[in-house]
Amino acid sequence: MAVKLSEMNLAKILILILFLFSSSAHSFYTEIGANYSFQREVYGVDYESKLNENTLLTSVAFYFFSLTGLEIGYSWRKVDNLDKTVSLLNNDRYQTGYRRTLNVQNFSVGISQYFNSTKAILRPGIGAGFTRRITEDGGYTDIYDDNTDEAYRLERDTTKTTSDLIYVLASLKFRVVEGLFLSGSVRTLFSPKKYDDAQNNLRFFVGFSWLF
Numbered sequence: 353m354a355v356k357l358s359e360m361n362l363a364k365i366l367i368l369i370l371f372l373f374s375s376s377a378h379s380f381y382t383e384i385g386a387n388y389s390f391q392r393e394v395y396g397v398d399y400e401s402k403l404n405e406n407t408l409l410t411s412v413a414f415y416f417f418s419l420t421g422l423e424i425g426y427s428w429r430k431v432d433n434l435d436k437t438v439s440l441l442n443n444d445r446y447q448t449g450y451r452r453t454l455n456v457q458n459f460s461v462g463i464s465q466y467f468n469s470t471k472a473i474l475r476p477g478i479g480a481g482f483t484r485r486i487t488e489d490g491g492y493t494d495i496y497d498d499n500t501d502e503a504y505r506l507e508r509d510t511t512k513t514t515s516d517l518i519y520v521l522a523s524l525k526f527r528v529v530e531g532l533f534l535s536g537s538v539r540t541l542f543s544p545k546k547y548d549d550a551q552n553n554l555r556f557f558v559g560f561s562w563l564f
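Taking the working numbering, the leading residue of the sequence shown gets 353, the next gets one more, and so forth.
Listed below in structure tokens is the structure:
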């Protein structure tokens with residue numbers, strides 16, 4: 353009987369392999385990183401609507417080999433979209449506002465590979481691994497009834513979903529002082545069954561990392 357491994361089971365195997373080989377490594381060091389991304393968009397005919405997005409990404413990497421290591425990451429992203437565009441629904445009822453809020457948490461584990469030593473001024477690198485995503489989706493809709501001259505709000509129940517994804521990243525780090533790096537990276541998340549989505553989910557980050 354064939355056994356189908358899930359993404360999270362593969363992640364556990366990945367961690368086990370690295371720990372088994374760590375005893376023969378020639379060097380060991382730890383790197384702590386933090387990255388931040390912010391997006392603000394104002395739109396609409398009278399610029400009455402807005403979209404705010406904040407993303408914080410933290411990671412801890414354990415390098416059992418000189419340039420290769422295990423990276424464990426956590427990220428939090430909040431999206432707040434307030435659309436004040438007025439639109440006709442039906443029977444003289446209008447939508448006067450719509451708000452959607454997303455709270456997304458990602459827990460990830462993967463492999464990082466760099467191409468220069470920790471002493472180099474520039475350190476290009478790549479990484480890949482598995483992510484468990486937890487998403488909370490909520491919001492409301494504002495309605496105005498022209499017949500009754502009443503306005504009311506329809507609250508939407510918050511839904512919670514979980515998904516398993518693959519992440520891929522490319523990064524470039526600039527050494528500021530010994531052990532401290534300024535980092536920039538581009539990352540993507542996609543389902544194992546939808547590789548074409550990788551190019552549609554690119555995110556860019558800047559931050560710092562401390563190596564010790």
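Just so you know, even glycine gets a beta-carbon here, dropped at the ideal spot from N, CA and C.
Neighbour-count burial assignment, residue i, 16 or more Cβ in a 10 Å radius
i      : result
Pro544 : exposed
Glu383 : buried
Arg505 : exposed
Glu461 : Note on identity: in this sequence residue 461 is Val, with Glu being the wrong assignment. Buried.
Tyr399 : exposed
Asp301 : Nothing about residue 301 can be reported from this structure: the residues present for the chain run from 353 to 564 only.
Asp435 : buried
Thr395 : This sequence places Tyr at residue 395; Thr is not what is there. Result: exposed.
Run of the beta strand (DSSP E) containing residue i, from where it starts to where it stops
i      : result
Ser411 : Ser401 to Tyr415
Tyr547 : Run containing Tyr547: none; DSSP gives neither H nor E here.
Val538 : Leu532 to Phe542
Ile518 : Glu502 to Val529
Ala386 : Tyr381 to Tyr395
Ile424 : Thr420 to Asp435
Thr493 : Leu474 to Asp497
Thr448 : Arg445 to Tyr466
Glu441 : The residue asked about is misnamed: residue 441 is Leu in this sequence, not Glu. Residues Ser439 to Asn442.
Ser469 : No beta strand (DSSP E) holds Ser469; DSSP gives it neither H nor E.
Leu563 : Arg555 to Leu563
Under 8 Å between C-beta atoms of residue i and residue j
i      : j      : result
Tyr381 : Leu563 : yes
Glu423 : Gly490 : no
Ser515 : Phe533 : no
Glu530 : Thr510 : no
Phe557 : Leu454 : no
Thr540 : Leu554 : yes
Gly479 : Ile463 : yes
Asn404 : Asp432 : yes
Phe526 : Leu441 : no
Thr483 : Leu517 : yes
Cβ distance (whole Å) where residue i is taken to contact residue j below 8 Å
i      : j      : result
Lys430 : Asn406 : 5 Å
Ala503 : Tyr492 : That belief does not hold up - the Cβ atoms of Ala503 and Tyr492 are roughly 12 Å apart, past 8 Å.
Val456 : Tyr446 : So it is not a contact: roughly 31 Å between Cβ atoms.
Phe414 : Gly425 : No, Phe414 and Gly425 are not in contact; Cβ-Cβ is about 12 Å, not under 8 Å.
Between the CA atoms of residue j and residue i - distance to the nearest angstrom
i      : j      : result
Asp501 : Asp444 : 10 Å
Arg451 : Ser418 : 48 Å
Val412 : Val397 : 45 Å
Gly536 : Thr470 : 16 Å
Val528 : Ala386 : 15 Å
Phe416 : Tyr466 : 13 Å
Arg485 : Ala550 : 16 Å
Asn552 : Glu507 : 30 Å
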